[in-house]
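In my numbering, the protein residues as written are 2 to 415. Report on the following structure.
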Ligand SMILES: [Zn+2]
């Protein structure tokens with residue numbers, strides 16, 4: 002969290018207050034706490050907007066993973082020294098038909114509206130950020146900055162021109178595909194259809210560059226990642242992906258592409274997603290129990306009480322049929338592998354919280370200072386750590402927006 006303004010204006014008074022560790026946060030050394038608080042800390046992919054319409058759930062209340070499964074709220078952001086991040090408009094891929102596209106566009110617009118409504122409702126605590134400078138300013142005012150991003154470009158309804166509308170709503174980073182291929186790109190977890198980007202995907206990338214939107218090939222195939230790195234006029238951010246050299250999974254990026262991403266100024270945000278970090282042997286009994294649980298709660302709008310009950314039932318299933326869990330050591334392996342490969346300027350972290358993310362020791366937005374502690378122990382400087390937590394991604398956003406502005410000036414459109 003950015004405390005410099007406070008520290009400069011009232012150094013004597015605030016020194017102790019700034020170092021006082023929040024009650025609910027992970028316990029770290031005084032030095033780690035100070036380094037963490039001095040940095041702008043952000044997460045590049047939060048699926049929390051999916052919770053905004055849940056009856057009885059409000060981001061300013063304190064929740065817990067144990068009780069309702071949620072991983073991000075204001076009290077835990079404060080505990081975790083988190084200044085803000087990218088709140089995703091995530092749309093599951095559905096039919097690639099006119100009706101499917103229309104539905105996805107409506108879904109995306111509703112989700113974008115819900116993010117705006119949350120920010121308006123809590124304007125004293127959150128603010129929409131449209132530029133890197135906005136984020137720095139908002140953090141300095143001790144509010145949380147809310148960038149909007151899109152996971153799966155399906156709401157663009159197959160029309161790269163639709164990006165204009167979502168850009169106007171505030172979207173500043175867009176992921177091409179999700180678990181399956183779409184009209185723009187191949188997914189990392191589907192069979193090749195376009196062998197990378199489709200013609201529309203290439204047009205969408207050009208639109209991103211023109212408007213000043215960060216291209217995000219997380220969830221896209223290696224061929225997409227390679228082509229986006231090659232074709233994009235601005236650096237690329239993998240908003241939530243791991244290192245395949247550390248754990249072999251198609252959702253993780255191979256070393257050669259991480260090197261090329263970094264060579265063009267890009268950043269990979271290491272994902273704390275269990276299934277992409279730990280071998281999970283199949284268990285038909287567990288799958289059956291989970292499928293039955295999904296059926297039980299399917300097709301109705303769940304209240305907070307339903308969610309608490311569902312979370313308890315899910316936990317009971319996982320107690321009966323345990324799943325191997327990755328932990329902070331594994332996360333650090335991915336992070337430090339990338340640092341060794343391309344340096345501290347091209348890496349960051351992402352919990353994939355409220356979207357299936359979370360591992361032991363990094364299971365909610367309150368847990369982030371634990372990584373700062375590990376990095377300090379490993380000998381990284383305060384400046385290195387600040388780059389990893391937010392500096393790198395804000396640099397990319399700044400470059401993205403400077404490029405878009407330069408194109409506007411060159412074409413005389415402004
Ligand atoms: Zn995802």
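The C-beta atom is built at its ideal place from N, Cα and C for all residues, glycine as well. These numbers come from a predicted model, not from an experiment.
Review point. So, helix, strand or coil for residue 321, using DSSP?
Key: Residue numbering aside, residue 321 sits at position 320 when the chain shown is read from its first letter. Looking at residue 321 - three-state DSSP - the assignment turns out to be helix.
Point to revise | Nearest-angstrom beta carbon gap, residue 237 and residue 255 [assumed within contact, 8 Å] | key: As a working mapping, residue 255 is identified with position 254 in the chain shown. As a working mapping, residue 237 is identified with position 236 in the chain shown. Between residue 237 and residue 255 the Cβ distance is about 15 Å, and since that is not below 8 Å, they are no contact.
Exercise for review: State the beta-bridge partners of residue 274 as determined by DSSP.
Suggested key: Within the chain shown, numbered from 1, the residue matching residue 274 stands at position 273. For residue 274, which the question treats as bridged, DSSP gives the partners 359.
Exercise for review: With a threshold of 16 other CB atoms inside 10 Å of the CB of residue 344, please say whether the residue is buried or exposed.
Suggested key: As a first step, residue 344 is located in the chain shown; it is residue number 343 there, counting from the start. When all chains shown are included, residue 344 counts as exposed.
Check your understanding: Taking contact to mean at least 3 C-beta pairs separated by less than 8 Å, is the stretch 127 to 141 in contact with the stretch 194 to 204?
Key -> With the cut-off at 8 Å, the stretch 127 to 141 and the stretch 194 to 204 do not touch.
**Study point:** Where residue 152 falls: helix, strand or coil (DSSP)
**Key:** Looking up residue 152 in the chain shown gives position 151. Three-state DSSP puts residue 152 in a strand.
Practice item. Determine the direct distance from the alpha carbon of residue 273 to that of residue 104, and round the result to whole angstroms. Key: For the purposes of this step, residue 104 is identified with residue 103 of the chain shown, where counting begins at 1. For the purposes of this step, residue 273 is identified with residue 272 of the chain shown, where counting begins at 1. For residue 104 and residue 273, the distance between alpha carbons rounds to 31 Å.
Review point. Residue 160 and residue 212 look like a contact to me (Cβ under 8 Å); what is the Cβ gap, rounded to whole Å?
Key: Counting from one through the chain shown, the residue named residue 160 turns up at place 159. Counting from one through the chain shown, the residue named residue 212 turns up at place 211. About 14 Å separates the two Cβ atoms, so there is no contact after all.
Practice item. With a threshold of 7 Å, establish whether the CB of residue 356 neighbours any heavy atom of ligand 1. Key: As a working note, residue 356 is residue 355 in the chain shown. The answer is yes for residue 356.
Check your understanding: At which residue ranges does the stretch 159 to 237 contain complete beta strand (DSSP E) runs of 3 or more residues, listed in the order of the chain?
Key -> 172 to 176, 215 to 217
Point to revise | Nearest-angstrom Cβ-Cβ length linking residue 354 and residue 147, presumed shorter than 8 Å | key: Taking the first residue of the chain shown as position 1, residue 354 is located at position 353. Taking the first residue of the chain shown as position 1, residue 147 is located at position 146. The Cβ separation is near 15 Å, so there is no contact.
Check your understanding: Which runs of the alpha helix (DSSP H) fall wholly inside the stretch 51 to 118 and span at least 4 residues, in chain order?
Key -> Entirely contained in the stretch 51 to 118, the alpha helix (DSSP H) runs reaching 4 residues are, in chain order, 66 to 69, 75 to 80.
Practice item. Over the uninterrupted alpha helix (DSSP H) stretch that includes residue 31, give me the two end residues. Key: In the chain shown, the residue the question calls residue 31 occupies position 30. Note, residue 31: alpha helix (DSSP H), 31 to 39.
**Study point:** Simplified DSSP state of residue 294, which is helix, strand or coil
**Key:** Taking the chain shown and counting its residues from 1, one reaches residue 294 at position 293. Helix.
Review point. Going by other Cβ atoms of all chains shown within 10 Å of its Cβ, with 16 needed for buried, is residue 5 buried or exposed?
Key: In the chain shown, residue 5 corresponds to position 4, counting from 1. Per-residue confidence for residue 5 stands at a pLDDT of 43, beneath the threshold of 50, marking its modelled position as unreliable; the derived number appears in the next sentence. Label assigned to residue 5: exposed.
Practice item. Measure the CB-CB distance between residue 55 and residue 308 and report whether it falls below 8 Å. Key: Position 54 of the chain shown holds residue 55. Position 307 of the chain shown holds residue 308. It is a contact, given that the beta carbons lie within the stated cut-off.
Point to revise | For residue 329 and residue 411, the rounded distance between their alpha carbons | key: On the chain shown, residue 411 is found 410 positions in, with the first residue counted as 1. On the chain shown, residue 329 is found 328 positions in, with the first residue counted as 1. Roughly 47 Å separates the two Cα atoms.
Check your understanding: Does the pairing of the stretch 307 to 325 with the stretch 287 to 299 give three or more beta-carbon distances under 8 Å?
Key -> yes
Check your understanding: Skipping 5 residues on each side, what residues in its chain have a beta carbon closer than 8 Å to that of residue 339?
Key -> For the purposes of this step, residue 339 is taken as the residue at position 338 of the chain shown. The answer, listed in chain order, is 244, 259, 269, 271, 347, 348.
Exercise for review: Kindly indicate which residue of 298, 162, 350 has the alpha-carbon position closest to the one of residue 370.
Suggested key: Within the chain shown, numbered from 1, the residue matching residue 370 stands at position 369. With distances taken between Cα atoms, residue 370 lies closest to 350.
Practice item. With DSSP collapsed to three states, give me the class of residue 304. Key: Position 303 of the chain shown, counted from the start, is the residue given in the question as residue 304. Reduced to three states, the DSSP call for residue 304 is coil.
**Study point:** Endpoints, beta strand (DSSP E) assigned at residue 44
**Key:** The residue you call residue 44 lines up with position 43 of the chain shown. That run of the beta strand (DSSP E) goes 43 to 47.
Check your understanding: Would you call the CB atoms of residue 53 and residue 113 closer than 8 Å?
Key -> Within the chain shown, the letter at position 52 stands for residue 53. Within the chain shown, the letter at position 112 stands for residue 113. No, the pair does not count as a contact, with Cβ atoms beyond the cut-off.
Exercise for review: Out of 181, 81, 145, 396, state which residue places its alpha-carbon closest to the alpha-carbon of residue 263.
Suggested key: Residue mapping note: residue 263 aligns to position 262 of the chain shown, counting from 1. The residue with the shortest Cα to Cα distance from residue 263 is 396.
Check your understanding: Residue range of the alpha helix (DSSP H) that residue 342 falls in?
Key -> Residue mapping note: residue 342 aligns to position 341 of the chain shown, counting from 1. Note, residue 342: alpha helix (DSSP H), 329 to 343.
Review point. Since residue 412 sits in a beta bridge, which residues does DSSP pair it with?
Key: Translated into the one-based positions of the chain shown, residue 412 becomes position 411. DSSP output for residue 412 lists no bridge partner at all.
Check your understanding: Would residue 180 be called buried (16 or more neighbouring beta carbons within 10 Å of its own) or exposed?
Key -> In the chain shown, the residue the question calls residue 180 occupies position 179. Under this definition residue 180 is an exposed residue.
Review point. In or out: residue 295 buried (at least 16 other Cβ within 10 Å) or exposed?
Key: Within the chain shown, residue 295 is the residue found at index 294, counting from 1. Under this definition residue 295 is an exposed residue.
Review point. Can the beta-carbon of residue 210 be found less than 8 Å from the beta-carbon of residue 176?
Key: Here residue 210 corresponds to residue number 209 of the chain shown, with the count starting at 1. Here residue 176 corresponds to residue number 175 of the chain shown, with the count starting at 1. No, these two residues do not count as a Cβ contact at 8 Å.
Point to revise | DSSP state of residue 392 mapped onto helix, strand, coil | key: Translated into positions along the chain shown, residue 392 becomes position 391. It is helical.
Point to revise | Per-residue burial, residue 62 [other beta carbons within 10 Å of its own, 16 or more giving buried] | key: Residue numbering aside, residue 62 sits at position 61 when the chain shown is read from its first letter. Exposed is the call here.
Review point. Heavy atom of ligand 1 less than 7 Å from the Cβ of residue 152, yes or no?
Key: The count along the chain shown starts at 1 and reaches residue 152 at position 151. Remark: the shortest separation between the CB of residue 152 and any heavy atom of ligand 1 falls under 7 Å.
Check your understanding: residue 139: buried (16+ other C-beta within 10 angstroms of its C-beta) or exposed?
Key -> As a working note, residue 139 is residue 138 in the chain shown. Its Cβ being crowded by 16 or more others within 10 Å, residue 139 is buried.
Check your understanding: So is the beta-carbon of residue 418 under 7 Å away from any non-hydrogen atom of ligand 1?
Key -> Past the boundaries of the shown model lies residue 418; the chain is included only from 2 to 415, so the question cannot be answered.
Point to revise | Reduced DSSP secondary structure (H/G/I, E/B, other) of residue 145 | key: For the purposes of this step, residue 145 is identified with residue 144 of the chain shown, where counting begins at 1. Note: residue 145 maps to strand in three-state DSSP.
Exercise for review: Output yes or no for whether 8 Å exceeds the beta carbon distance between residue 82 and residue 45.
Suggested key: If you number the chain shown from 1, residue 82 lands on position 81. If you number the chain shown from 1, residue 45 lands on position 44. Not in contact: residue 82 and residue 45 (Cβ atoms no closer than 8 Å).
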